[in-house]
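A.B. asks: First, the structure itself, so that you have it in front of you.
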Amino acid sequence: LEYIREKVEQFGIEVQNVGAKDIILPGEMKTILNQVVEAEKEAQANAIKRREETGATRSLHNTAKMMENNPTLLRLKELEVLEKVTEKIDSMTVFGGLEGVLKDLVKVRPN
Numbered sequence: 030l031e032y033i034r035e036k037v038e039q040f041g042i043e044v045q046n047v048g049a050k051d052i053i054l055p056g057e058m059k060t061i062l063n064q065v066v067e068a069e070k071e072a073q074a075n076a077i078k079r080r081e082e083t084g085a086t087r088s089l090h091n092t093a094k095m096m097e098n099n100p101t102l103l104r105l106k107e108l109e110v111l112e113k114v115t116e117k118i119d120s121m122t123v124f125g126g127l128e129g130v131l132k133d134l135v136k137v138r139p140n
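Straight run, no breaks: the sequence shown in my numbering ends on number 140.
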């Protein structure tokens, strides 16, 4: 800016601001800049993904610790998994009566 001011001052022109409105880059430069922007976005997405994975792992660890000391909580988790599995089963055949199966399903195992 100072260089331009000095050059035009002799003509009685005062330059207050200089800027560029439209820059046309060669095709190669556009491609390179697009790759840089894409790489930066991908790096940000990977960082977010790693943070989420770390949080999920920490949560699983905390849940496992809680279940380790609480057999009832562990049994509830087992029943939750069983419920999800049975949603995918059309029918179930039980031999020897349902009474024993139901008792075993809700029985809490001692430590």
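Glycine included, C-beta positions come from ideal geometry on N, C-alpha and C.
Can you name, in chain order, every residue of its own chain whose Cβ lies under 8 Å from the Cβ of residue 96, other than the five neighbours on each side?
C.D. replies: As a first step, residue 96 is located in the sequence shown; it is residue number 67 there, counting from the start. Here the set comprises 102, 103, 106.
A.B. asks: How many Å lie between residue 118 and residue 75 at the Cα?
C.D. replies: Working through the sequence shown from its first residue, we reach residue 118 at position 89. Working through the sequence shown from its first residue, we reach residue 75 at position 46. Near 37 Å, if we compare the C-alpha coordinates of residue 75 and residue 118.
A.B. asks: From residue 108 to residue 79, what distance separates their C-alpha atoms?
C.D. replies: Locating residue 108 in the sequence shown gives position 79, counting from the first residue. Locating residue 79 in the sequence shown gives position 50, counting from the first residue. Roughly 31 Å separates the two Cα atoms.
A.B. asks: Can you tell which of 70, 111, 64 has the C-alpha that lies nearest to the C-alpha of residue 56?
C.D. replies: Here residue 56 corresponds to residue number 27 of the sequence shown, with the count starting at 1. Comparing Cα-Cα distances from residue 56 to each of 70, 111, 64, the minimum goes to 64.
A.B. asks: State the DSSP-derived secondary structure class of residue 62, mapped to helix, strand or coil.
C.D. replies: Walking along the sequence shown from the start, residue 62 turns up at place 33. Three-state DSSP puts residue 62 in a helix.
A.B. asks: What first and last residue would you give for the alpha helix (DSSP H) that runs through residue 108?
C.D. replies: Here residue 108 refers to the residue found at position 79 when the sequence shown is read from its first residue. Counting along the chain, the unbroken alpha helix (DSSP H) around residue 108 starts and ends at 100 to 115.
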